Amino acid sequence: MTVNYDTLIELQKVLAQMFEIEDKIKEIPRDLNVKEAVLQKTKLDYLELSNKCDSLNKEVENIYKSYIEAGQTKEAKEKQMELTTLSREYENLAQEIEQARTSEQNLLKVYNTRKKYLEEVQMKLQITADVVASQTEEVEEETEKKDSLIAEQNQLLEEITAQKNELSKDLSEDLLFKFERIIRNKGGVGVVPIHGTICQGCHMELPQQFANDVRKDEDIHFCPYCSRILYYEPSEEDERFESSVHGDTHTEEDADVASDFISSDENIFGD
Ligand SMILES: [Zn+2]
Numbered sequence: 025m026t027v028n029y030d031t032l033i034e035l036q037k038v039l040a041q042m043f044e045i046e047d048k049i050k051e052i053p054r055d056l057n058v059k060e061a062v063l064q065k066t067k068l069d070y071l072e073l074s075n076k077c078d079s080l081n082k083e084v085e086n087i088y089k090s091y092i093e094a095g096q097t098k099e100a101k102e103k104q105m106e107l108t109t110l111s112r113e114y115e116n117l118a119q120e121i122e123q124a125r126t127s128e129q130n131l132l133k134v135y136n137t138r139k140k141y142l143e144e145v146q147m148k149l150q151i152t153a154d155v156v157a158s159q160t161e162e163v164e165e166e167t168e169k170k171d172s173l174i175a176e177q178n179q180l181l182e183e184i185t186a187q188k189n190e191l192s193k194d195l196s197e198d199l200l201f202k203f204e205r206i207i208r209n210k211g212g213v214g215v216v217p218i219h220g221t222i223c224q225g226c227h228m229e230l231p232q233q234f235a236n237d238v239r240k241d242e243d244i245h246f247c248p249y250c251s252r253i254l255y256y257e258p259s260e261e262d263e264r265f266e267s268s269v270h271g272d273t274h275t276e277e278d279a280d281v282a283s284d285f286i287s288s289d290e291n292i293f294g295d
């Protein structure tokens, strides 16, 4: 089987473009994914702060209640004291009033400290809510942009795929598959000429018999070193090549080397 190398070269350009578009489509959501992850984290922070606010609120309320109760206890004891005439009872009451007063003062201190802390957390909560809002807006904008960018690239991909199908219609499925892989792995170059016995893809010297077969073009040949498809192109090297081909008759050994290379093709593609 032979192929039209001009068509292959054309196909190679189209495939390289196709892969570029495919890669671009894959890259488009990456930035957005990062932004979405950041937003999720901010939302979690917000939730945590919100829960903290709730429990601090309850705590502050309870402290305040206790503070009021301590005040009421103190006042009740003071009233009781006014009515008492027994000195022993009077002393006890004085002690209880003192305890209630200390407790009242301590509770007020704790109340003020915790209230201040609650206000700090509330402020952080407000800031985090603002951040969530702006990050949400950004993600929404990016999502919209992403969708239109992907639609645009998909349109291009559709056009390029049609070109690919047209150019590859005469290729076997197997050859097309191999060719696509070579192009992906070899930086967009999957079909190269030989100059004399040198592969112009990897610049390795090929066995003369093998180079001769490429020149005859009775079958598709893959470079045994770089796996690229080879075709003959006239070059300055031809003269040297021809003189060596005609000057020397091939030994059995040369032929063996060449056939080894050809049969090793299968391994080259079996990653
Ligand atoms: Zn090569």
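So in my numbering, spot 238 of the sequence shown is number 262, and the numbers just go up one at a time. Glycine included, C-beta positions come from ideal geometry on N, C-alpha and C. Since this is a predicted model, take the numbers as computed values, not measurements.
Alpha carbon of residue i to alpha carbon of residue j, nearest angstrom
i: residue 273; j: residue 202; result: Summary for residue 273: the model assigns pLDDT 47, below 50, so the residue's position carries little reliability; its value from the coordinates is reported in the next sentence. About 34 Å.
i: residue 169; j: residue 228; result: 47 Å
i: residue 9; j: residue 89; result: Absent from the model: residue 9. The displayed extent of the chain is 25 to 295, so no value can be given.
i: residue 172; j: residue 217; result: 41 Å
i: residue 66; j: residue 144; result: 18 Å
i: residue 251; j: residue 59; result: 42 Å
i: residue 147; j: residue 122; result: 38 Å
i: residue 104; j: residue 113; result: 10 Å
i: residue 79; j: residue 108; result: 43 Å
i: residue 183; j: residue 33; result: 18 Å
i: residue 27; j: residue 197; result: 13 Å
i: residue 30; j: residue 55; result: 39 Å
i: residue 177; j: residue 158; result: 28 Å
i: residue 134; j: residue 87; result: 8 Å
i: residue 234; j: residue 219; result: 13 Å
i: residue 279; j: residue 47; result: Reliability of the predicted coordinates at residue 279 is poor, the pLDDT of 45 falling under 50, and no value is obtained from them.
i: residue 205; j: residue 51; result: 20 Å
i: residue 99; j: residue 106; result: 11 Å
i: residue 231; j: residue 247; result: 11 Å
i: residue 242; j: residue 163; result: 58 Å
i: residue 155; j: residue 165; result: 15 Å
i: residue 208; j: residue 266; result: 34 Å
Assigned exposure category for residue i - 16 Cβ within 10 Å defines buried
i: residue 258; result: exposed
i: residue 343; result: Beyond the ends of the chain as shown, which are 25 and 295, falls residue 343; an answer cannot be given.
i: residue 39; result: buried
i: residue 36; result: buried
i: residue 244; result: buried
i: residue 185; result: exposed
i: residue 111; result: exposed
i: residue 64; result: exposed
i: residue 192; result: buried
i: residue 118; result: exposed
Contact under 8 Å by Cβ, residue i with residue j
i: residue 213; j: residue 225; result: yes
i: residue 253; j: residue 49; result: no
i: residue 69; j: residue 160; result: no
i: residue 195; j: residue 45; result: no
i: residue 263; j: residue 222; result: no
i: residue 8; j: residue 249; result: In this structure the chain extends from 25 to 295, so residue 8 is not present and cannot be described.
i: residue 124; j: residue 101; result: yes
i: residue 73; j: residue 149; result: yes
8 Å contact criterion, which residue i and residue j should meet: CB distance rounded
i: residue 42; j: residue 210; result: Their Cβ separation, rounded to whole angstroms, is 15 Å, which puts residue 42 and residue 210 out of contact at 8 Å.
i: residue 84; j: residue 138; result: 5 Å
i: residue 91; j: residue 132; result: 6 Å
*How do the stretch 84–103 and the stretch 127–144 stand: do at least 3 beta-carbon pairs fall below 8 Å, yes or no?*
Here the stretch 84–103 makes contact with the stretch 127–144; the two share three or more CB pairs at distances below 8 Å.
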